[in-house]
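Count the sequence shown with the working numbering and you get residues -18 to 722, in order. Where a beta carbon is used, it is the ideal one built from N, C-alpha and C, also for glycine. Remember, it's a predicted structure, so these values are computed and weren't measured experimentally.
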Amino acid sequence: MSTKKHIENVIVTIQHPFNWTGALISGLFGFLAGIIVPAVLLFVAYILYLPELPDPEQLEEYQPPLVSRMYSADGVLLAEFAGEKRIWVSINDVSPWFIKALISTEDRRFFSHWGLDPFRILGALFVNIKTRRIAQGGSTITQQLARNLFLSQKKTLTRKIKEALTAIRLEHKYSKYEILELYLNQVYMGRGCYGVEAASRKFFDKPASELGPEEAALIVGGLRAPEYYLRNTKRAQKRRNVVLGLMEKSDFMDDVCHLSPEQYDSLRKIPVVFKEKTKGEGWKAPYFVDFVRRKLAEIYGEDWLYTQGVTIYTTLNYKLNEAVAETLRNRIHQMERRIQVTHHPDDPQYTELVYDSTTGDTVRKWKELNGAVFAIENSTGRIIVMIGGKDFKQSQFNRVTQAVRQPGSAFKPFLYTAAIDNGWQPSDRIDDTPGTWPMEDGKLWRPQNYDHKYLGRITLREALMKSRNLASIRLCEQVGPANVIKYARRMGITTPLDPVLSIAMGSSGVKLWDMVVAYSVFPNLGVKVEPVFIDKIIDRDGTVIYRGQTRREEVLSRGVAYVMTSMLQSVIDHGTGYAARMFGFLHPAGGKTGTTNDYTDAWFVGFTKKYTAGVHISYDDLTPIGEGMTGSRAALPTWTKLMLMLYPHGPTKEDEFDVPYDEVVFLTICRESGLLATQRCPKVREVFLRRNPVPTKYCTLPHTGEDTTSTQKARPVVMPDSVPPANIDQINKKPQRKGGL
Ligand SMILES: [Zn+2]
-18 MSTKKHIENV
-8 IVTIQHPFNW
2 TGALISGLFG
12 FLAGIIVPAV
22 LLFVAYILYL
32 PELPDPEQLE
42 EYQPPLVSRM
52 YSADGVLLAE
62 FAGEKRIWVS
72 INDVSPWFIK
82 ALISTEDRRF
92 FSHWGLDPFR
102 ILGALFVNIK
112 TRRIAQGGST
122 ITQQLARNLF
132 LSQKKTLTRK
142 IKEALTAIRL
152 EHKYSKYEIL
162 ELYLNQVYMG
172 RGCYGVEAAS
182 RKFFDKPASE
192 LGPEEAALIV
202 GGLRAPEYYL
212 RNTKRAQKRR
222 NVVLGLMEKS
232 DFMDDVCHLS
242 PEQYDSLRKI
252 PVVFKEKTKG
262 EGWKAPYFVD
272 FVRRKLAEIY
282 GEDWLYTQGV
292 TIYTTLNYKL
302 NEAVAETLRN
312 RIHQMERRIQ
322 VTHHPDDPQY
332 TELVYDSTTG
342 DTVRKWKELN
352 GAVFAIENST
362 GRIIVMIGGK
372 DFKQSQFNRV
382 TQAVRQPGSA
392 FKPFLYTAAI
402 DNGWQPSDRI
412 DDTPGTWPME
422 DGKLWRPQNY
432 DHKYLGRITL
442 REALMKSRNL
452 ASIRLCEQVG
462 PANVIKYARR
472 MGITTPLDPV
482 LSIAMGSSGV
492 KLWDMVVAYS
502 VFPNLGVKVE
512 PVFIDKIIDR
522 DGTVIYRGQT
532 RREEVLSRGV
542 AYVMTSMLQS
552 VIDHGTGYAA
562 RMFGFLHPAG
572 GKTGTTNDYT
582 DAWFVGFTKK
592 YTAGVHISYD
602 DLTPIGEGMT
612 GSRAALPTWT
622 KLMLMLYPHG
632 PTKEDEFDVP
642 YDEVVFLTIC
652 RESGLLATQR
662 CPKVREVFLR
672 RNPVPTKYCT
682 LPHTGEDTTS
692 TQKARPVVMP
702 DSVPPANIDQ
712 INKKPQRKGG
722 L
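If you want it as structure tokens, here you go:
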């Protein structure tokens, strides 16, 4: 027998569709039960609001779903957000279990009331008075359906009255059977689904005709507040079991829907599992799409994207994004293989127990290494690449915007920026010698250099270029950790930072997003930009309703930003970032590696004049990514490939960093003394911030073996405009090939 037939049986046995006798009896009972005042109000309201009430026939009109679309900057359709996922279904094609669950839970007297249920209203009134707010609706199925005729979901008393009046009209116009069918097709059931068929397919990947009792109970359980009940599986199960209890007590449709108490008990034990399709199915560049979707939800609300039919033009370079994602996955795969051949498959450090839903067993699996890439255009802040992880289906955690990880030495540029802005020059010297510092717990902190060697007195440029820890800690001691944090903040670091000496080695966690924003301040000559991800949004009528705008803020002087750019160029040209040059990337560029203690995190953040990009690789927990896996070895290769894709041709003059000659000056100095070079001196050209102390005396070192008579000829040299800044720092002509901190 069909579901409809069963329901008709019920209707026949209880009452005919809307009849005035029933209404009168119920109404009378309502009066007797003591709601004379609301009833009078209802009558007055009916006269008053009649012209304002919506036309019930709107419920029958099919409104085609509005689809919002998101495009990349290179014209690729990244995602579609279908509005109301409504799949019309006849009541005959709905499982009787669903009808039973619905009637038992939402409206036990549905077949006997006249749209409103005085018992429910009274009960709700009591609760509302007790809690002093309009929380409990006491709405019948008809009232809930009536609510759908109103555009907004306001909870005002006027609205409640209008809904009640509309419910009465619905009961007058339609049979109980028709109302139920409209309800089954119109009501929001959660997760973007309107109607039971859409919900059934979305939640359980099956048609509504095949819904079992516990599945029906789950959907019905969520009806009151789908996003609240269904978001959390534990809460969903608790609520579902409440519905199962109500079904057990009800004898509605018992001829087809009857189970023993034992059977109900076993149903209650079934865990809630949504067999819905994975989020992001069909999305391209899913981490970016999900990021933009969340941002839009923050501005316009969750439903907006699914209901407005807008077109969103984003800034992402999809082709590039995909190529970089592939590169990142390959690098991660190589690193995982390296770990898997050197560790036992039962090694608790690199494997974990995972529940296998197909077999019901737990199995030991290798932990998943992960990574992220983020790239922006410096002058505009436009996001061109955002890869939040290696596989969105596996993990939707966005490691660009959400992960907070120790940056290691990738934090050092903030220290050196603070130093330069506070009177230091790149040629000033600092001790790279062993040292101990007392810690809060009274013990001594004995930091190490990466290679366990000490270089003695070295210049700031060399200390940053070779990522010397001891020199950096000594510099931090003089500049002051609080001062360093001040600069990191101004440049864009938003996560909590500890004002301790070890901040010089990146001991406080940061986000990749923040690091890329902060590093872009250097090539932007001191200007911080807020990343932009939307070019424009066009509504369904073709009107531009939003335009992405670049917000700029000057956070450093041009001179300080340029001096830092120059020092960070040394890192790539001769220091720990040299591998980029070995891979064939030859454009003027600056950047910094980052490696944390025990190799838990590998970073490379770097920039050209036009772009800034960051790569981070780590396990989501603190598992080491492998001995010797420095930022240079693990993260830099992906960064370099991204740059090679951005710059398929060799460098031109256009690619050189702009030099603010009014704030900086280039001098030829003696490499050993740091004073102005004479003819005997091993010469080096260096950039100086004009407002800081600049060397004015000539070197007097004997430089044994060299001619000491011709000291007069050497003169300070201002670098001419034509000299590319990348060639200025010839401090160390031997490239440092070894990866370092
Ligand atoms: Zn000299």
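When DSSP states are grouped into helix, strand and coil, Tyr294 belongs to the strand group. Taking 7 Å as the cut-off, the C-beta of Ser408 does not count as close to any heavy atom of ligand 1. Taking Gly487 as the centre and dropping the five residues before and after it, the same chain places the C-beta of Gln387, Pro388, Gly389, Ser390, Ala391, Phe392, Lys393, Gly575, Thr577 closer than 8 Å to its C-beta, in chain order.
Taking Ile149 as the centre and dropping the five residues before and after it, the same chain places the C-beta of Gly96 closer than 6 Å to its C-beta, in chain order. Counting every other CB atom within 10 Å of its CB across the protein chains shown gives Lys434 a total below 16, marking it as exposed. Judged by beta-carbon spacing, Ala616 lies beyond the 8 Å limit of Met316, meaning their Cβ atoms are not closer than that value. In terms of Cβ geometry, Ser76 and Ser247 do not form a close pair [threshold 8 Å].
At least one heavy atom of ligand 1 lies closer than 7 Å to the C-beta of Glu653. In this structure, DSSP gives Tyr175 an extended state, which the three-state scheme calls strand. Sixteen is the threshold: when 16 or more other Cβ atoms of the shown chains lie within 10 Å of the Cβ of Leu482, as they do, the residue is buried.
By the Cβ criterion, the region 330 to 344 is not in contact with the region 607 to 614, since fewer than three pairs of Cβ atoms, one from each stretch, lie closer than 8 Å.
In this structure His314 is exposed. Its beta-carbon is surrounded by fewer than 16 other beta-carbon atoms within 10 angstroms.
Secondary structure at Cys651: strand, using DSSP grouped into helix, strand and coil. Taking one beta carbon from each stretch, the region 580 to 596 and the region 512 to 519 have fewer than 3 pairs nearer than 8 Å; the two do not touch. Thr308 sits in a helix when the DSSP states are folded into three classes. Boundaries of the alpha helix (DSSP H) harbouring Tyr543: 539 to 555, taken from the DSSP string. Between the alpha carbons of Thr139 and Pro99 lies a distance of about 18 Å. By the Cβ criterion, the region 278 to 285 is not in contact with the region 24 to 40, since fewer than three pairs of Cβ atoms, one from each stretch, lie closer than 8 Å. With fewer than 16 other beta carbons inside 10 angstroms of its own, Ser241 counts as exposed.
Note that the C-beta distance between Tyr431 and Ser448 is below 8 Å. Residue state for Gly96 is assigned as coil, using DSSP reduced to three classes. In this structure, His568 has its beta carbon at no less than 7 Å from each heavy atom of ligand 1. Nearest Cα to Thr659 within the set Glu644, Phe669, Glu635, His684: His684. In the DSSP annotation of this structure, Asp601 is not part of any alpha helix (DSSP H), being labelled neither H nor E. Rounded to the nearest angstrom, the gap between the Cα atoms of Arg427 and Val586 is 27 Å. At least one heavy atom of ligand 1 sits closer than 7 Å to the Cβ of Leu682.
Residue pairing from DSSP places Asn351 in a beta bridge opposite Ser599. Of all C-beta pairs linking the region 622 to 630 to the region 643 to 663, fewer than three are shorter than 8 Å, placing the two stretches out of contact. Relative to ligand 1, the nearest heavy atom lies less than 7 Å away from the CB of Cys662. Excluding the 5 residues flanking it on each side, Pro676 has same chain C-beta neighbours closer than 7 Å at Leu648, Ile650, Gly655, Leu656, Leu657, in chain order. If you draw a 10 Å sphere on the C-beta of Arg380, you find 16 or more other C-beta atoms in it, and that means buried.
Ligand 1 has a heavy atom closer than 7 Å to the beta-carbon of Ala658.
By the CB criterion at 8 Å, Tyr164 and Leu126 fall inside the cutoff. In this structure, the CA atom of Val108 is about 16 Å from the CA atom of Thr137. Contact check for Ala542 against Phe503 passes: the beta carbons are separated by less than 8 Å.
Runs of the alpha helix (DSSP H) lying entirely within the region 458 to 516 and spanning at least 4 residues, in chain order: 462 to 472, 493 to 500.
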